[in-house]
Structure formats: C-alpha cells, structure tokens
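Visitor:
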Amino acid sequence: DAPVLTGAAPLRYTITADGNHRTYQLTGGLEDLRFHDASGAEHPYLLVAPATHQPEWADATLHPIMATRTTSGFEADLGSPLDVDRIRVSGIAAPFLKRLRVEGSGDRARWIVLSADSTLFDLPDQQLRNLEVTFEHGTFRYVRVMWDDRASARVTHVGSLAARRYDPAVPTNPARVPLTFRATTSEAGKSRYRIALPSAHLPVAAIELQVTNANVFRDASVSEGRLTGSTVEPVQLGTAKLRRAERDNAVAEQMTVPTIFPEGADLDLTVDDGNNAPLEIRSIVVLLAPLPWIYFESSDGKQITATYGDRSLKAPSYDLEARRASVQSAQPARATWSPARPASSPPAVESIPVAGGPVDRKSFRHTRSIGPTQEGLTSLLLDADVLSRSSALRDVRIVNTHNQQVPYLVEHRDAPLMLPLRMPQRTRGEGTKSIYRFTLPYDSLPEGTRLVIGTSARVFERSATLSRAADERRGREREVIALETWKGTNPESSAPDLTLAAPFAGSREVDLELDEGDNAPLPIVSAQLLLPSYALRFISPGGSLTLLYGNASAAAPRYDLAILAPRLFGESARDISLTRAAPMVATPEAGTERTIFWIVIAIAVVALLITLVRLLSSGVTTTES
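Be aware that the sequence shown starts at 1166, since it is given in this note's numbering, and climbs by one per residue.
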C-alpha cells in the first residue's frame, strides 16, 4: 500500500515500450522491509514480482433475447463453466456509445449481476475506444448483456463476444492513489497545476484527471524539476491528448497522461486550454506500475508487524526462497494492512545544512523581507524585481537574523512570471503603419523575456516589428529587435496572441509597429511580459529570513548540493512569495545613478573652488595689514 511504497526503499523496474503499451519487469526494491511476529522474531517472506502472463480468451456463441421498450441485448454461451473476469464485445458499427448491464449464470436460471452500469464505446472522430467490461472473477457458462436504450439508438448487430479466463498471473488493474493539487499562475490559453505526490521515487505509470466537463479535447503534459549541475531544470515526463465525450447519459473518456517514473515528490501538470475555459477538475489520481505482492506463511494467523525505512539494510535471504516456483501459481489467503503508525522518532536531519557562512548585508543594494517562515522544505518564488536587478541570480542570498546564509538550489519553473503592461495609445506611423510605445518596468529584464499582445479581432494578417525606441539623450538610434507575422484564420474563435521574444535588456521603451495595409487598425486589447520563472528551494530553519541581491561583484554561491539534493526532492515543498518590492524611485536605474553621481561631483568641485578663493582672499588681506 501507499505507506510501504513511500516509506521503504523504492521499487525498481526495467520498462519496455511497444507503441502505447508498456511492460514493467521488477528488478529490485523494498530491501529494508522486514516482518516480525508477536515475539519480535523476524518472519520470512517472499517478494513476488507482478504478473506478466498474457490472458487467454474464450469465444462464445450468441443468442438473441426479447427486447423491451427500454432494453435490448443478447446471451452468450461459453460452452462450459469457466472462471472469467472480463468480456470483450466486437463487431458493433462505429460510432457508438452505449451503457449496459452484464449478468452471469451457470444454468440460465439464476443470474448474478457482474456489472450494473458499464459503458462501451467506439468514437473514431474523438479517438476514443473501449470494448471491454471488467468484473470480479467467477465461474459462469452464460453471460447476458442488456443494452440501455432509454437515451440512445438500439444496437442492431454484435459480431462476437469473448470472455477472459481468470489467471492470477495476469496483470490486474493498476493501483490508484488520490493526490493533492492546486492551480498555479499561467499564461493565457494554458492551465498549470502543482501536484504533490506522497513521496519521491514512486513507480508512477500515469496521471489521471477526473473532470465534470462534458466534452474535452486538449493536450496535456507532466513535468518535474530535476537537478542539473547546480540548477533545478524542468524535465518532461509525459504528454497525451485528453479526450472526453458525453452524450445520451453516457461518457467515453481517456483522461490519463502516461509518464516515466518521477524522481521527486512535486509534479507540474500543464493543460493547453486553447480558447476554452480551464477544466473543472474534481480530482487527480496517480496510476502506479504493476506492483509486487508479498507471500508469507503463518501457522496461527496472528498479527505480523512490518517495519521499513532503514536504508542501510540489504535485501533479506530466507529458506522460503526454495518455494518460489510453487508460490508463483499459488492462490493463498489474502492479508490486509492495518493503518500505518508513525515512526517512534523523526529521522535525523542534523547533517542537513540549514545555515551557511556569514554575509555582509551592506554590500547588497536590495534587501527584501521574506517574513516568518515555517520549518521545512520551502520554495521561494522570485519576482521581477529580483530577476531584473540581480546579476543572473549570482548575487542572491538568503540570510537569517544572524546574517548567516541559508543554502538553496535555484529551481527553474516551467510556468512564466507574468507582468501586465499599461496599454498605450495608438499613433500613426509612416504609410499604413500603427505604432504602440510600451513602457517597460525595468531596463534590465532577464534573458528569455517575451512580450505577448492580444487582440479582439479574429481574421487578419499583419506584419509586426518590435524596436527599441530611439534615445536622443544617449545618442541611440531606433533598433529592430524582433519580427513576426501575426495571423488569425478562424472566424469562430479568438486569434492566437502575438508573442515576441527579444533582448529587452537596455531598453526602457519599445515600439510595436503593425503594418495595417488597407485594413482598419487592428484592435489591441492586452499586453503583458512573460519572464522566465525561478524559485529558491531550501530547508527553512523557521523564523524571519531576508533576501539580499544587487551586488555586481558577488560570485555565485557554492553550497554542498550533494547533501542538500536528496532532502530537497524527497518531499513536496511549500511555496512562499516575497513581499512587494519597493517602488522604482527608491532604487534609481544605472543611467540615472551616473547622472546623479556627476551632478554630485560637479557640486563638490564648485564648493571646493569657492572655499579655495575665500582662503586665498583671506591670506592676501593679512599680508597687506
């Protein structure tokens, strides 16, 4: 169960992919798991790999049954009583989406409900298909299928029905674990969610969304941050097209994103909404890879206690290994886990550094309060002021009240940092051109910043030119920094935004020039900057902390990442944000600072000259007397 998977040594697999099908072969894991009896003696067990057998199917002979006003269907004769756990229906003309009820019998006199309300569908346009119904295994000769015709057309022809023979060595449905998640900020047209797993190194095969939307057809991706050198970079774990169709009171859906195994406990889900509203997500669950099972023998049926979590232990070896061949095909009694009890003492974290060397606050131009923090793993989201005023984050430091550094890792996030811009008035340029001059919040925006422009028009085509505005004071001419063609082609939906990636550093104003041709001016309704997003991941000692930046001579910090990394990804981090930055006037830009500097120098020189003249005049008067 989940406590064992999250507390014991991680399971390890060799994964083979064949198209959309994956095969998982267990290679190790749970080495620290131990069983003990009531006296405390170690109790032998075997870790049995998950089943890999291919299922066997038995074909049936079909017989029609009498239809009613709301139902129709057929009976299937398997020829003899068989232990089965699934049926597969084929030969129905697509497209179709039907609800049904499945019953089983051994003598056609007494029927048992196998599935009270299932759905079969084949919708080629939506790329959705499911022709199987699963149920608890049992021995039956006859299977009866009853179609629900109350809200959909009758099924006029069924080609065949096959039943799957029950085999304990055939893989079962994947284990499902519900997850906590929250929406995070995102650019227009996309929704982003931070998902918290119960633990790092879980054998996650897929992420499944459960939504209330009637129809869904959207791209989705799952990623996580992984340590690359000294920075945490986003790594994509899987992509998929989410599909859902609801009609005639029935639902067909494929709402899973297959993934490779994550290394950490935080996942990021991105859904491309297009022109739709964000999905109405009821829950998100994780589907695990096929799990092993544990075989042990008990002479008295009394309670057995499991312990795990000591990573220094090696895999045990018991004489019970001699029975492995017979255990593989055995059908032993089922044991159940009791609720997990917390460890008697928390794991030691004394080796995890939460305070580094001292730092001189006076050498940093900018000081920001992080505020009271809770102890534990924390991610501090950096804002535009830090990204624009620091030296590529080399001079960023977190310090406690004793001016000791708090070690951190830089985490690059997928989701951009968004800054809305004030919409300027349109001015007329040369010929048929429209010009919009945007004032930027900083003249030192970080590399990777993008300008995104929105319009209410739907069908159009314009040439867009982005330029640095001319600066006569600095003797700088207009400079083109980006060229794009902006096009909208669908009158039924909003046009895509214009996205301009350009080097904005050194600019406080930029001009967007649109060539309107012989058309009316394109209505511009929104403008925003998308900055690359970063966070600092650290173990907070608790209490008030301070962020320092703005020291051009500071080198990038060097912390013991080999010690930090395991702890920084072993659990989900708590996101916190900075307090609002001081207004721009409180910290002048570089050009203004130089002007003030020379003004001060000039005033000082004039003052010195006046003083010198007065001293000389005083000396001459004394000599004459």
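We put the beta carbon where it would ideally sit given N, CA and C, even for glycine.
1) Taking its Cβ as the centre, do 16 or more other Cβ atoms sit within 10 Å of Lys1527, making it buried, or is it exposed?
2) Restricting to Cα atoms, I'd like to know which of Asp1287, Asn1414, Val1320 and Leu1279 is closest to Phe1300.
3) Quick one: Cα of Arg1347 to Cα of Asp1433, how far?
4) Whose C-beta lies closer than 7 Å to the C-beta of Ala1700 among residues of the same chain, with five residues either side of it excluded?
5) In whole angstroms, give me the CA-to-CA distance for Arg1591 and Leu1677.
6) Can you give the Cα-Cα distance for Gly1256 and Val1323, rounded to whole angstroms?
7) Does DSSP put Ser1477 in a helix, a strand or coil?
8) State the DSSP-derived secondary structure class of Glu1411, mapped to helix, strand or coil.
9) Just grab the DSSP bridge partners of Pro1537 for me.
10) Return the first residue and the last residue of the alpha helix (DSSP H) that Arg1491 is part of.
11) Going by Cα to Cα distance, which pick from Ser1325, Arg1275, Pro1504 and Ser1494 is closest to Leu1296?
12) Quick one: using the 10 Å Cβ neighbour count with 16 as the cut-off for buried, is Ala1371 buried or exposed?
13) My output table needs one value for Glu1418: the three-state DSSP class, helix, strand or coil.
14) Excluding the five sequence neighbours on either side, which residues of its own chain have a C-beta within less than 7 Å of the C-beta of Gly1735, listed in chain order?
15) Is it a yes or a no for the segment 1646 to 1656 touching the segment 1701 to 1717, going by three-plus beta-carbon pairs under 8 Å?
16) Measure how close the beta-carbons of Ala1328 and Val1249 come, nearest whole angstrom, since I'm counting them as under 8 Å.
17) Near Arg1476, what residues of its chain come up, given a Cβ to Cβ distance below 7 Å and the 5 sequence neighbours on each side ignored?
18) Between the Cα of Thr1226 and the Cα atoms of Val1213, Ala1622 and Val1308, which residue gives the shortest distance?
19) Are the Cβ atoms of Gly1653 and Arg1623 separated by less than 8 Å?
20) With a threshold of 8 Å on Cβ separation, who are the neighbours of Lys1479 within its own chain once the five nearest residues in sequence on each side are excluded?
21) Rounded to whole angstroms, what is the Cα-Cα separation between Ser1503 and Val1169?
22) Just to confirm before moving on: does the CB-CB distance between Pro1606 and Leu1552 stay below 8 Å?
23) Out of Thr1435, Phe1286, Gly1205 and Leu1456, which one is the CA nearest neighbour of Lys1467?
24) At the level of alpha carbons, what is the spacing between Leu1402 and Val1422?
25) From Arg1177 to Gly1194, what does the alpha carbon distance come to, in whole angstroms?
26) Could you tell me whether the segment 1581 to 1589 touches the segment 1523 to 1542, where touching means 3 or more Cβ pairs closer than 8 Å?
27) Do Ile1277 and Ser1283 have their C-beta atoms within less than 8 Å of each other?
28) Do the segment 1369 to 1389 and the segment 1437 to 1447 touch if we need at least three Cβ pairs shorter than 8 Å?
Guide: Per the coordinate set shown:
1) exposed
2) Leu1279
3) 10 Å
4) Ser1544, Leu1545, Leu1546, Leu1547, Glu1576 and Arg1578
5) 10 Å
6) 5 Å
7) coil
8) Assigned with DSSP and collapsed to three states, Glu1411 falls in strand.
9) Ser1709
10) Note that residue 1491 is Ser in the sequence shown, not Arg. It spans Arg1489 to Val1492 - the alpha helix (DSSP H) in which Ser1491 sits, taken as one unbroken run.
11) Leu1296 has its Cα closest to that of Ser1325, out of Ser1325, Arg1275, Pro1504 and Ser1494.
12) buried
13) In the structure shown, Glu1418 sits in a strand (DSSP, three-state: E or B).
14) Excluding residues within five positions, the ones whose Cβ falls inside 7 Å are Ala1365 and Ala1430.
15) no
16) 4 Å between Cβ atoms; contact.
17) Spatial neighbours of Arg1476 in its own chain (CB-CB distance under 7 Å, excluding positions within 5 residues in sequence) are listed in chain order as Ala1174 and Asp1197.
18) Val1308
19) yes
20) Closer than 8 Å at the Cβ level, and outside the excluded window around Lys1479, lie Glu1196.
21) 11 Å
22) no
23) Gly1205
24) About 9 Å.
25) 6 Å
26) No, the segment 1581 to 1589 is not in contact with the segment 1523 to 1542.
27) No, these two residues do not count as a Cβ contact at 8 Å.
28) yes
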